[in-house]
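**Q** Under my numbering, read the sequence shown as residues 204 to 278, first letter to last.
Cβ coordinates follow ideal geometry from the N, Cα and C atoms, glycine included.
If you're wondering where the values come from, they're calculated on a predicted model, not measured in any experiment.
Just dropping this structure here.
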Amino acid sequence: TDGYSCGTRRKLSAALALIGHPQILLLDEPSSGMDPCTKRHLWKIISEEVRGKCAVVLTSHSMEECEALCSRLAI
Numbered sequence: 204t205d206g207y208s209c210g211t212r213r214k215l216s217a218a219l220a221l222i223g224h225p226q227i228l229l230l231d232e233p234s235s236g237m238d239p240c241t242k243r244h245l246w247k248i249i250s251e252e253v254r255g256k257c258a259v260v261l262t263s264h265s266m267e268e269c270e271a272l273c274s275r276l277a278i
């Protein structure tokens, strides 16, 4: 992965985290470094996992990301 861009490494990390539809998903800045289109696609996938009864805990500096994904928020 040394030759991959930051955004591509983030995509790969997200894909690996989602393999097997986990019951709990821990994400640290999941869309950091991603282009806007990919970011929205990732948010859609995370939202689908939540609807499928997956618990998601994420950290983010983006209030937009928090508003799009979170039902509860701690600062």
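Any idea what DSSP makes of residue 262, helix, strand or coil?
**A** In the sequence shown, counting from the first residue as 1, residue 262 sits at position 59. It is a strand residue.
**Q** Since residue 231 sits in a beta bridge, which residues does DSSP pair it with?
**A** One-based indexing of the sequence shown puts residue 231 at position 28. DSSP lists 262 as partners of residue 231.
**Q** Using CA coordinates, which residue listed in 254, 227 and 243 is at the minimum distance from residue 265?
**A** Here residue 265 corresponds to residue number 62 of the sequence shown, with the count starting at 1. Here the closest residue by C-alpha is 243.
**Q** Around the Cβ of residue 233, are there at least 16 other Cβ atoms within 10 angstroms (buried) or fewer (exposed)?
**A** Locating residue 233 in the sequence shown gives position 30, where the first residue counts as 1. Its Cβ being crowded by 16 or more others within 10 Å, residue 233 is buried.
**Q** Would you please state the rounded distance, in angstroms, between the beta carbons of residue 253 and residue 260? I believe it to be under 8 Å.
**A** As a working mapping, residue 253 is identified with position 50 in the sequence shown. As a working mapping, residue 260 is identified with position 57 in the sequence shown. Not confirmed; about 11 Å, so no contact.
**Q** Output the distance between the C-alpha atoms of residue 267 and residue 247, rounded to the nearest integer angstrom.
**A** As a first step, residue 267 is located in the sequence shown; it is residue number 64 there, counting from the start. As a first step, residue 247 is located in the sequence shown; it is residue number 44 there, counting from the start. The straight-line gap from Cα to Cα measures roughly 14 Å.
**Q** Have a look at 229, 245 and 221 and flag the residue whose alpha-carbon is nearest the alpha-carbon of residue 236.
**A** Working through the sequence shown from its first residue, we reach residue 236 at position 33. The shortest Cα separation from residue 236 among 229, 245 and 221 belongs to 245.
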